Amino acid sequence: MTMTAAETSQQVPLPERTSAAFERLAEPFRRELRLHCYRMLGSLHEAEDLVQETYLRAWRSFDSFEGSGTFRSWLYRIATNACLNALESRKIAQRVLPDRQGPAASGMPESGPATEIAWLEPYPDSQLDGIADDRPNPEARYVSREAVQLAFVATIQQLPPRQRAVLLLCDVLGWAATEAATLLGGSTASINSALQRARETLAKRYPDGRPQVAARPDTAQQELLSRYLSAWEGHDLDGFVALLKEDATFTMPPWLQWYAGREAIRSFFAIAWQSCRGMRLVPTAANGQPAFAVYARTEADPRLAANAIHVLTLEGERISTVTMFLEPRMFAEFGLPLVLEEDGTPTP
Numbered sequence: 018m019t020m021t022a023a024e025t026s027q028q029v030p031l032p033e034r035t036s037a038a039f040e041r042l043a044e045p046f047r048r049e050l051r052l053h054c055y056r057m058l059g060s061l062h063e064a065e066d067l068v069q070e071t072y073l074r075a076w077r078s079f080d081s082f083e084g085s086g087t088f089r090s091w092l093y094r095i096a097t098n099a100c101l102n103a104l105e106s107r108k109i110a111q112r113v114l115p116d117r118q119g120p121a122a123s124g125m126p127e128s129g130p131a132t133e134i135a136w137l138e139p140y141p142d143s144q145l146d147g148i149a150d151d152r153p154n155p156e157a158r159y160v161s162r163e164a165v166q167l168a169f170v171a172t173i174q175q176l177p178p179r180q181r182a183v184l185l186l187c188d189v190l191g192w193a194a195t196e197a198a199t200l201l202g203g204s205t206a207s208i209n210s211a212l213q214r215a216r217e218t219l220a221k222r223y224p225d226g227r228p229q230v231a232a233r234p235d236t237a238q239q240e241l242l243s244r245y246l247s248a249w250e251g252h253d254l255d256g257f258v259a260l261l262k263e264d265a266t267f268t269m270p271p272w273l274q275w276y277a278g279r280e281a282i283r284s285f286f287a288i289a290w291q292s293c294r295g296m297r298l299v300p301t302a303a304n305g306q307p308a309f310a311v312y313a314r315t316e317a318d319p320r321l322a323a324n325a326i327h328v329l330t331l332e333g334e335r336i337s338t339v340t341m342f343l344e345p346r347m348f349a350e351f352g353l354p355l356v357l358e359e360d361g362t363p364t365p
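Going letter by letter, the sequence shown gives residues 18 to 365 in the working numbering.
Below you can see the structure in the form of structure tokens.
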């Protein structure tokens, strides 16, 4: 694997293994380890907890690091095993989106949100800064922008934890099977077998062998996003629906119900928007995709309060998927306030 400057400083004499030495070696990898844990767990909050646990374990074991491998690979071993332990302790080792839970709905929800289900969370693009966008080495199958897309992360959540780890190490990070075997334990043959099974599962979702690269929006797509903002803020139902592909899908975790097709989505919002008294959309980005933070005013709360994070999938000049995360606590992860003033500034 290609080593960074931080990786080359892997042998530290025991007398010099201080907190400062550990921080100098470890901090350059914090963001990529958080992303790795997010892919493993499907949760930004759990990923942050596991990175903290990784660094605590690594610091406690710092004296035992002998430099037989890179410091980066040593941290990945600790992080991956911490994730596997966390997944083993769960009743269900995957986070999901509503369209993986059942058929599309044909009417309005008849019950409340399914808060007992572990839902997949979005990942702010601001936390991808400083992580390479291209393949880490020729062995990696996926570039970073493919491997962080919401649909990809949702798909690998369907894999058993060990297969998930093998796929991420080999096909996303580009580790050799022998390296993965050393990290996870077991033989190279067992790693190759797990990798093959994981690839077969992904092939069912991606017949072409890989997700489509989510290129940054071009001029026409930027205009599409501007029209989306205007349609939502203006409660322009026809304008919103016109931006969707005919077979577009709309999901809204933590609600189980999801909708497929323009007409079903139109019918839902024709009713849902009746209870809303105004909205403001703030452009952002998540999972390498365009997104909006939506603030809404209701009869119960006249303020523009945090409502949802919309993550969009674009295909050409249309929107193929709208995933609406109705989780105001996520706003802090995007560096956004919980309340806006009328002019769009944060409320103290």
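Glycine included, each C-beta is placed from N, C-alpha and C at the ideal position.
Quick caveat, the model's predicted, so the values are computed rather than measured.
Whole-angstrom C-beta distance between residue j and residue i, which should lie under 8 Å
{"i": "R279", "j": "A265", "result": "6 Å"}
{"i": "C187", "j": "A197", "result": "6 Å"}
{"i": "L50", "j": "V68", "result": "5 Å"}
{"i": "L241", "j": "E334", "result": "6 Å"}
{"i": "G59", "j": "L273", "result": "17 Å between Cβ atoms; not a contact."}
{"i": "P228", "j": "E163", "result": "5 Å"}
{"i": "A310", "j": "V299", "result": "4 Å"}
{"i": "A182", "j": "T97", "result": "5 Å"}
Identity of the residues DSSP links to residue i by a beta bridge
{"i": "R233", "result": "Beta-bridge pairing links R233 to no other residue."}
{"i": "C293", "result": "T315"}
{"i": "A277", "result": "T266"}
{"i": "H327", "result": "F309, M341"}
{"i": "L298", "result": "V311"}
{"i": "V428", "result": "Examination of residue 428 is not possible in this model, given that the chain is present from 18 through 365 alone."}
{"i": "A303", "result": "P141, Q306"}
{"i": "I336", "result": "L261, L331"}
{"i": "V113", "result": "W136"}
Per-residue burial, residue i [other beta carbons within 10 Å of its own, 16 or more giving buried]
{"i": "I109", "result": "exposed"}
{"i": "N102", "result": "exposed"}
{"i": "H327", "result": "buried"}
{"i": "E63", "result": "buried"}
{"i": "M57", "result": "buried"}
{"i": "E350", "result": "buried"}
{"i": "S106", "result": "exposed"}
{"i": "T315", "result": "exposed"}
{"i": "G369", "result": "Lying before the first or after the last residue shown, residue 369 is absent from the chain, which here runs from 18 to 365."}
{"i": "Y312", "result": "buried"}
{"i": "L73", "result": "exposed"}
{"i": "R94", "result": "buried"}
{"i": "G124", "result": "exposed"}
{"i": "A122", "result": "buried"}
{"i": "T35", "result": "exposed"}
Given residue i as reference, the closest of the options once Cα atoms are compared
{"i": "L321", "options": "P271, L353, L137", "result": "L353"}
{"i": "R112", "options": "Y72, C54, A121, E163", "result": "C54"}
{"i": "R47", "options": "E65, S36, Y245, E105", "result": "E65"}
{"i": "D116", "options": "S106, S204, L137", "result": "L137"}
{"i": "A287", "options": "H252, M269, A237", "result": "H252"}
{"i": "A131", "options": "L114, N304, A99, S143", "result": "L114"}
{"i": "A308", "options": "S284, A135, Y140, S123", "result": "Y140"}
{"i": "Q144", "options": "V299, E316, L61, G295", "result": "L61"}
{"i": "R297", "options": "I95, D225, A248", "result": "A248"}
{"i": "V189", "options": "R216, Q175, P177, S204", "result": "R216"}
{"i": "W192", "options": "P178, G203, I208", "result": "I208"}
{"i": "Q291", "options": "A277, W275, R77, L254", "result": "L254"}
{"i": "T268", "options": "Y223, L343, P234", "result": "L343"}
{"i": "R244", "options": "L260, P319, T236", "result": "L260"}
{"i": "G147", "options": "S161, V339, S90, S337", "result": "S161"}
{"i": "D225", "options": "E44, R158, P126", "result": "R158"}
{"i": "L167", "options": "A211, L52, A206", "result": "L52"}
{"i": "V258", "options": "R283, L331, W275, F39", "result": "R283"}
The ligand GTP heavy atom lying under 8 Å from the CB of residue i
{"i": "T268", "result": "Absence of the ligand GTP from the depicted structure is noted, as is the absence of any ligand whatsoever, leaving it without description."}
So within the region 163-201, which uninterrupted alpha helix (DSSP H) runs reach at least 4 residues, ignoring any that extend past its ends? 167-173, 178-184, 194-201
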